[in-house]
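J.:
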Amino acid sequence: MVEVKFALGQLVVHELYGYRGVIVDVDACFSLSDDWYQRMALSRPAKQQPWYLLLVNNSSLQTYVAEQHLLAESEPKQISHPLLNSLLGQFQHGSYGLLAKTN
Numbered sequence: 001m002v003e004v005k006f007a008l009g010q011l012v013v014h015e016l017y018g019y020r021g022v023i024v025d026v027d028a029c030f031s032l033s034d035d036w037y038q039r040m041a042l043s044r045p046a047k048q049q050p051w052y053l054l055l056v057n058n059s060s061l062q063t064y065v066a067e068q069h070l071l072a073e074s075e076p077k078q079i080s081h082p083l084l085n086s087l088l089g090q091f092q093h094g095s096y097g098l099l100a101k102t103n
């Protein structure tokens, strides 16, 4: 079983590019295509580590980032993203909750 460093709803900062985001999904290891990896993962992070899907603050962008490039945000503040309310719950105590499941 793979241990992940970050949780769904947690606010993080990309250590290379400095943008803030919130985690909305996690894969135990890289799960996109080799073509995507060659085009987008320019620093060539290891594929055999957790990778996270983030909503990027003040943007409509989503990014897929290797765990090694993320830092927990030291002073978490709410973010702005058009998909935020459809994917995560309310912001409380420095992170976003998960949406309650409905039947």
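71 is the number that full-length UniProt numbering gives to position 71 of the sequence shown; each next residue is one higher, with no gaps.
Each residue gets a CB set at the ideal place from its N, CA and C atoms; glycine is no exception.
(1) Check the C-beta distance from V12 over to L71 and give it rounded, since I have them as a contact under 8 Å.
(2) Since G9 contacts S95 with CB under 8 Å, what's their CB separation in whole angstroms?
(3) On the three-state DSSP scale, how would you describe Y17?
(4) Under the three-state reduction of DSSP, which class applies to Q48: helix, strand or coil?
(5) Is there contact here, the segment 73-89 with the segment 32-51, by at least three beta-carbon pairs under 8 Å?
T.: Taking the coordinates as given:
(1) Yes, they are in contact, since the Cβ atoms of V12 and L71 sit about 6 Å apart, within 8 Å.
(2) Right, their Cβ atoms sit about 5 Å apart.
(3) Note: Y17 maps to coil in three-state DSSP.
(4) In the structure shown, the three-state DSSP call for Q48 is coil.
(5) Taking a contact to require three or more Cβ pairs closer than 8 Å, the segment 73-89 and the segment 32-51 do not qualify as touching.
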